[in-house]
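Engineer: Before anything else, here's the structure in question.
Protein chains in written order, with UniProt numbering: chain C, 1 to 321; chain D, 1 to 321.
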């Protein structure tokens with residue numbers, strides 16, 4: 001497992017349990033599927049979403065077994081979207097490992113992702129209320145609209161900050177928010193508290209995605225485990241570039257009007273974005289969401305999870321991978 | 001709508017209602033998704049699976065509104081698998097219309113299929129028992145294993161009849177079976193009757209897929225609305241060819257050992273399969289499943305649906321598209 005949770009052995013132990021549940025739930029007589037998905041589970045990831053389910057559950061009647069199953073569902077949904085996302089991005093690497101689409105082909109990857117979605121809803125039906133099955137399916141459809149929106153706005157120079165934020169809310173923050181909400185409601189927290197938890201998740205999720213997009217500009221390839229400028233090469237314009245485009249920098253517009261996203265041009269664009277201080281501007285926006293998260297966390301009832309949420313929100317803002 | 005249900009105006013009227021429900025449930029602020037899915041719904045299809053939900057519901061307390069919603073869910077699942085199936089097959093046409101993957105690209109098609117799956121589970125959570133949510137998700141994962149099994153056994157000369165039957169049970173018959181089962185249980189039929197209905201669906205589904213595979217050999221391109229030999233060209237070996245391969249025909253083995261599935265060779269293979277009477281043999285197998293369906297139908301309590309099930313089983317066996 002990723003070292004992210006090393007300081008929180010209690011959470012880490014539960015996350016190991018979640019990994020076991022995920023592994024049990026990808027068992028299949030079709031061995032190609034099983035092997036591919038077991039490998040994906042083993043490849044790590046920070047498991048932030050399932051950890052948020054657990055942390056939120058602590059504000060109610062904490063039922064470890066149930067919450068671990070729900071955490072597994074949320075992480076499996078995330079994994080399924082990653083598998084399909086890698087098809088769209090034609091990605092070769094994910095978490096430093098070769099992607100399913102690259103190893104087995106896009107054809108396998110399509111149905112492997114579907115299989116994982118199906119297993120999520122199967123596991124979900126074990127012990128969740130109907131309302132939350134509806135919430136999960138709503139978030140899955142929002143992730144899809146976010147992904148399609150991102151894909152259809154590729155290479156578009158006039159994408160606004162508002163559109164960008166709407167897109168990342170759908171493709172990322174919605175699932176963070178749901179993780180907290182489900183952890184709360186399914187532990188018997190009332191609607192007000194669960195919605196408060198959802199706001200914590202939403203704002204941390206927004207900051208998380210903005211930082212992710214910043215790391216595509218400034219990340220160390222060995223730490224981030226994917227080449228710098230990956231988004232740019234695919235025509236996905238994220239916050240740092242959107243800010244830069246608003247500045248009418250002639251050199252930037254000239255290079256971008258070439259519509260040639262070769263290594264050389266990508267590096268030039270990244271340089272200009274840095275020079276225009278748009279990394280700093282994007283970081284400030286991420287910080288704004290983290291601050292909002294802090295405010296929502298501070299309103300939660302006092303318990304151990306509260307300080308962990310604070311720590312994690314801070315840690316995710318400052319992360320380098 | 002397809003003319004398939006013209007003789008059954010009562011069913012046809014309900015199917016129009018199902019189409020309306022499907023259309024309501026693909027509404028989305030992301031207009032590319034909405035337009036693509038509305039077009040797919042309008043492109044027709046026989047709507048056999050939702051009709052089976054309705055017919056089975058007649059054996060219990062028939063609640064038209066609820067059954068139409070469930071029928072819409074089943075058809076939307078079917079449509080989602082078609083969208084993803086067309087990605088794998090690289091199909092240009094479906095029901096005589098250009099496919100989503102061909103019109104919008106594979107990238108869009110991946111998330112459009114996911115979106116549809118998500119909307120299915122959303123609609124499903126409106127009024128179904130938890131056990132049936134589990135059943136639906138199990139069938140979706142079975143369809144995926146069937147599709148992956150089919151894909152991974154491409155170009156394999158030693159695929160057995162048993163493997164073929166297992167594959168089509170997963171990718172096709174399971175959803176037919178579920179349609180009947182859900183129509184029954186969700187109308188208050190007891191488990192014995194619902195399982196009897198499931199057997200009717202399963203056997204009609206098996207015959208349906210075998211006939212589908214036969215039509216790839218003998219179908220009229222204008223009626224079937226896809227070119228003859230499509231499966232063969234993709235290395236998907238179905239029952240007629242599997243029977244032929246078992247006959248050790250030297251000419252067939254010679255052509256196939258070339259591994260060249262050009263138009264010329266495909267037509268030669270089809271000719272040999274016909275000459276060896278393997279179309280007839282495959283038809284006999286389809287007939288065997290239809291007969292089994294007849295036996296199970298005859299055991300159902302007497303009502304109007306019973307004779308319609310008999311008619312439809314016969315009609316699907318004799319269909320030419």
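We treat Cβ as the ideally placed atom computed from N, Cα and C, and that holds for glycine.
As the structure is a prediction and not an experimental result, all values here were calculated from the model.
Check distances from the C-beta atoms of the stretch 141 to 160 of chain D to those of chain C and list, in chain order, the residues that come in under 7 Å.
Structural biologist: 141, 144, 145, 147, 148, 149, 151, 152
Engineer: Indicate the three-state DSSP secondary structure (helix, strand or coil) for residue 98/D in the structure shown.
Structural biologist: strand
Engineer: Any idea what DSSP makes of residue 47/D, helix, strand or coil?
Structural biologist: In this structure, residue 47/D counts as coil in the three-state DSSP scheme.
Engineer: Should the stretch 37 to 56 of chain C be called in touch with the stretch 166 to 184 of chain C, which here means at least 3 C-beta pairs below 8 Å?
Structural biologist: yes
Engineer: Taking 9 Å as the cut-off, decide whether the C-beta atoms of residue 303/D and residue 58/D are in contact.
Structural biologist: Yes, they are a contact pair.
Engineer: Helix, strand or coil: which one does DSSP assign to residue 245/D?
Structural biologist: helix
Engineer: Would you please state the rounded distance, in angstroms, between the beta carbons of residue 114/D and residue 144/C? I believe it to be under 8 Å.
Structural biologist: 5 Å
Engineer: Listed from N- to C-terminal order along the chain, which residues in the stretch 195 to 228 of chain C have their beta-carbon within a distance smaller than 8 Å of any beta-carbon of chain D?
Structural biologist: none
Engineer: Roughly how far, in whole angstroms, is the beta-carbon of residue 150/D from the beta-carbon of residue 236/D, given that I think they are within contact range, below 8 Å?
Structural biologist: 6 Å
Engineer: Taking only beta-carbon positions, decide if residue 113/C is within less than 9 Å of chain D.
Structural biologist: yes
Engineer: Looking at the secondary structure, which residues open and close the alpha helix (DSSP H) in which residue 163/D lies?
Structural biologist: Looking at the DSSP string, the run of the alpha helix (DSSP H) that includes residue 163/D is 161 to 168.
Engineer: Name the DSSP beta bridge partners of residue 93/D, please?
Structural biologist: 98/D
Engineer: Output yes if chain C places a C-beta closer than 9 Å to the C-beta of residue 59/D; else output no.
Structural biologist: Judged by the 9 Å Cβ criterion, residue 59/D is not in contact with chain C.
Engineer: Can you tell me whether DSSP reads residue 112/C as helix, strand or coil?
Structural biologist: helix
Engineer: In its own chain, which residues sit with a C-beta less than 6 Å from the C-beta of residue 312/C, not counting the 5 before and 5 after it?
Structural biologist: Residues of the same chain with their beta carbon placed closer than 6 Å to that of residue 312/C are lacking, with the five preceding and five following residues left out of the count.
Engineer: Are the C-beta atoms of residue 125/C and some chain D residue less than 9 Å apart?
Structural biologist: Yes, because at least one Cβ of chain D sits closer than 9 Å to the Cβ of residue 125/C.
Engineer: Rounded to whole angstroms, what is the Cα-Cα separation between residue 245/C and residue 142/C?
Structural biologist: 27 Å
Engineer: Could you tell me which chain D residues have their CB closer than 7 Å to the CB of residue 63/C, listed as they occur along the chain?
Structural biologist: Simply none; closest approach about 18 Å.
Engineer: How should residue 129/D be labelled, buried or exposed, when 16 other C-beta atoms within 10 angstroms of its C-beta is the threshold for buried?
Structural biologist: Burial call: exposed.
Engineer: Assuming residue 72/C contacts residue 1/C under a Cβ cut-off of 8 Å, what Cβ separation, rounded to an integer in Å, is found between them?
Structural biologist: Rounded, the Cβ-Cβ distance is 14 Å, inconsistent with contact.
Engineer: Report the rounded CA-to-CA distance for residue 6/C versus residue 38/D, giving the unit in angstroms.
Structural biologist: 49 Å
Engineer: Should residue 8/D be flagged as near chain C, meaning a C-beta pair shorter than 9 Å?
Structural biologist: no
Engineer: Quick one: Cα of residue 10/D to Cα of residue 4/D, how far?
Structural biologist: 13 Å
Engineer: May I ask you to verify whether the stretch 184 to 204 of chain C touches the stretch 274 to 282 of chain C, counting CB pairs closer than 8 Å and requiring at least 3?
Structural biologist: As far as the Cβ criterion goes, the stretch 184 to 204 of chain C does not touch the stretch 274 to 282 of chain C, which means the pair count is below three.
Engineer: Name the chain D residues whose beta carbon is nearer than 7 Å to that of residue 84/C?
Structural biologist: 110, 111, 114
Engineer: When DSSP labels each residue in this structure, what does residue 42/C get in the three-state scheme?
Structural biologist: helix
Engineer: Show which residues of chain C have a CB atom less than 8 Å away from the CB atom of residue 107/D.
Structural biologist: 87, 88, 151, listed in chain order.
Engineer: Quick one: what does DSSP say residue 128/C is sitting in, helix, strand or coil?
Structural biologist: coil
Engineer: Going along the chain, which residues of the stretch 180 to 192 of chain D sit with their C-beta nearer than 9 Å to a C-beta in chain C?
Structural biologist: Contacts with chain C (Cβ-Cβ distance below 9 Å) from the stretch 180 to 192 of chain D involve no residue at all.
Engineer: If we call anything under 9 Å between Cβ atoms a contact, is residue 305/C one with residue 56/C?
Structural biologist: yes
Engineer: What does residue 265/C reach in chain D if we use C-beta pairs closer than 7 Å?
Structural biologist: By Cβ distance, chain D contributes nothing, its closest Cβ being about 23 Å from residue 265/C, past 7 Å.
Engineer: Below 9 Å between beta carbons: does that hold for residue 120/D and residue 77/D?
Structural biologist: yes
Engineer: Between residue 118/C and chain D, is there a C-beta pair that is closer than 9 Å?
Structural biologist: Closer than 9 Å to some Cβ of chain D, the Cβ of residue 118/C qualifies, so yes.
Engineer: Taking 9 Å as the cut-off, decide whether the C-beta atoms of residue 255/D and residue 242/D are in contact.
Structural biologist: no
Engineer: List the residues of chain D whose Cβ lies closer than 9 Å to the Cβ of residue 137/C, in chain order.
Structural biologist: 117, 118, 119, 120, 121, 122, 123, 124, 125
Engineer: Could you work out which residues of chain C lie near residue 133/D, taking near to mean beta carbons separated by less than 7 Å?
Structural biologist: 121, 125, 133
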